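Counted the way the numbering used here counts, the sequence shown spans residues 1 to 227.
Down below is the structure, laid out as structure tokens.
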Amino acid sequence: MNDTFEDRLLAALKAEMAARPEARPVAAARRMTGRRVLTGAAVLGVAATAAVAVPMVIGAQTPAYALTKNADGSINLKINDFRDPDQVEKDLADMGVRADITYLPLGKRCADGRAPFVDGDRTATTAEELRSKEPAVQEELRKRVEKTASSKAIRPKNGITIYPKHIRPGQIVMIEVAENPVEPTVDKPGVAWQFSGRLTEGPVEPCQVVDQPGAFEIGDATPPPGS
1 MNDTFEDRLL AALKAEMAAR PEARPVAAAR RMTGRRVLTG AAVLGVAATA
51 AVAVPMVIGA QTPAYALTKN ADGSINLKIN DFRDPDQVEK DLADMGVRAD
101 ITYLPLGKRC ADGRAPFVDG DRTATTAEEL RSKEPAVQEE LRKRVEKTAS
151 SKAIRPKNGI TIYPKHIRPG QIVMIEVAEN PVEPTVDKPG VAWQFSGRLT
201 EGPVEPCQVV DQPGAFEIGD ATPPPGS
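In structure tokens form, the structure reads like this:
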């Protein structure tokens with residue numbers, strides 16, 4: 001697979017616009033990022049920012065996850081073992097962040113429509129912009145999406161980093177993490193895990209599991225132009 005970040009960004013925007021009767025503000029879709037052994041990190045989804053490689057460390061003596069509060073107020077979530085998401089929610093609540101955490105097998109995701117988008121995740125995008133293949137237009141779309149509320153509040157940095165200063169009162173951090181049941185190796189590289197995250201004011205409906213096409217694709221590790 002040779003799609004660049006911009007290819008995926010525009011494809012997701014076009015798919016959402018195609019389902020609408022006319023061009024109007026588009027809600028930023030889920031942000032996806034997944035680790036690739038030896039080939040960098042895959043980026044999927046409209047609201048994606050820079051990807052980050054996260055080591056998978058699983059062992060009998062290893063905590064399932066670690067939450068660290070940084071000097072700037074941000075919170076790092078590093079997942080070592082995909083279990084006990086309820087406890088992650090409780091610990092984040094103790095740190096002042098309401099969260100909805102869901103773990104899934106790679107290749108699956110929660111269906112769209114679980115919760116409403118926040119106003120800050122809507123970008124004014126026209127059909128003409130989505131059809132354009134001009135690099136300048138694609139770059140402008142990418143920058144526009146990176147300024148959304150969810151992209152500022154939840155980022156793929158040092159695992160998953162949450163920025164409470166960008167979370168308004170009453171907002172909930174929704175995070176889905178999909179684990180590959182087969183650990184990638186040097187000989188058989190692949191996506192170890194993916195995560196998606198966005199903000200919502202709720203209510204959050206139960207996860208209806210659906211297929212995630214392309215979840216196992218690792219791309220060619222070629223960075224986007226200008227990166």
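Glycine included, each C-beta is placed from N, C-alpha and C at the ideal position.
On a predicted model such as this, the values are computed, not experimentally measured, just so you know.
Secondary structure at residue 135: helix, using DSSP grouped into helix, strand and coil.
When the beta-carbon positions are compared, residue 167 and residue 197 stay at least 7 Å from each other. A contact between stretches requires three or more CB pairs, one per stretch, nearer than 8 Å, and the stretch 77–96 fails this requirement with the stretch 113–128. Between the beta-carbon of residue 202 and that of residue 162 there is about 17 Å, and that puts the pair past the 8 Å contact cut. Annotation for residue 199: the continuous beta strand (DSSP E) segment containing it runs 191–200.
Positions of the alpha helix (DSSP H) runs, each at least 4 residues long and wholly inside the stretch 114–171, are given as 127–131, 135–146 and 149–153 in order along the chain.
Here DSSP, grouped into helix, strand and coil, assigns residue 92 to helix.
Under the DSSP assignment, residue 109 falls in the beta strand (DSSP E) whose first and last residues are 108–110. When only Cα atoms are considered, residue 140 and residue 122 end up about 15 Å apart. Note that the C-beta distance between residue 68 and residue 80 is not below 7 Å. For residue 76, the enclosing beta strand (DSSP E) starts and ends at 75–79.
DSSP, reduced to helix, strand and coil, places residue 206 outside both helices and strands of the structure shown, so it counts as coil. The stretch 91–98 makes no contact with the stretch 176–196, as fewer than three CB pairs between them are under 8 Å. For residue 105, the secondary structure class from DSSP, reduced to helix, strand or coil, is strand. In terms of Cβ geometry, residue 165 and residue 73 form a close pair [threshold 7 Å]. Taking the Cβ atoms as the reference, residue 176 lies roughly 6 Å from residue 110, within the contact range of under 8 Å.
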